[in-house]
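Visitor:
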């Protein structure tokens, strides 16, 4: 799901935030439980890369034909940012053409250190 980020001064959509809505066996998993479980299982980087790849790929398909590509804000865990596998995954994301660096904003999740 994508939530618009609105520039109220210009009355226009500035960007979108990808909202994680993970599912397990057809049931929604609360995002805070998803992120906390990934963190406690030392799977933060893998979980964040899954979210990044799926949200950017879907977002690009959703906006095909748009006149100006909007930026996409995606929440990630602070522990992911320092992992080499996460940084390499981000490079692959760009190389695969899912988005350009200037179109992606990483937001650090506040409740997990």
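Residue numbers (the numbering used here): 378 to 490. Idealized CB from N, CA, C, for every residue including glycine.
Quick one: residues in its chain with C-beta nearer than 8 angstroms to the C-beta of residue 439, no 5 flanking neighbours on either side, listed in chain order?
Guide: 379
Visitor: With DSSP as the reference, label residue 435 as helix, strand or coil.
Guide: In this structure, residue 435 counts as helix in the three-state DSSP scheme.
Visitor: Can you give me the C-alpha to C-alpha distance between residue 411 and residue 474, rounded to a whole angstrom?
Guide: 27 angstroms
Visitor: Determine the closest residue to residue 477 out of 386, 486 and 450, with distance taken between C-alpha atoms.
Guide: It is 450.
Visitor: Is it buried or exposed, residue 409, if we count other Cβ atoms within 10 angstroms and call 16 or more buried?
Guide: exposed
Visitor: From 483, 484 and 457, pick the residue whose C-alpha is nearest to that of residue 418; which is it?
Guide: Looking at the Cα atoms, 457 is the closest of the given residues.
Visitor: Are the beta-carbon atoms of residue 460 and residue 422 separated by less than 8 angstroms?
Guide: yes
Visitor: Kindly indicate which residue of 383, 437, 462 and 405 has the alpha-carbon position closest to the one of residue 425.
Guide: 462
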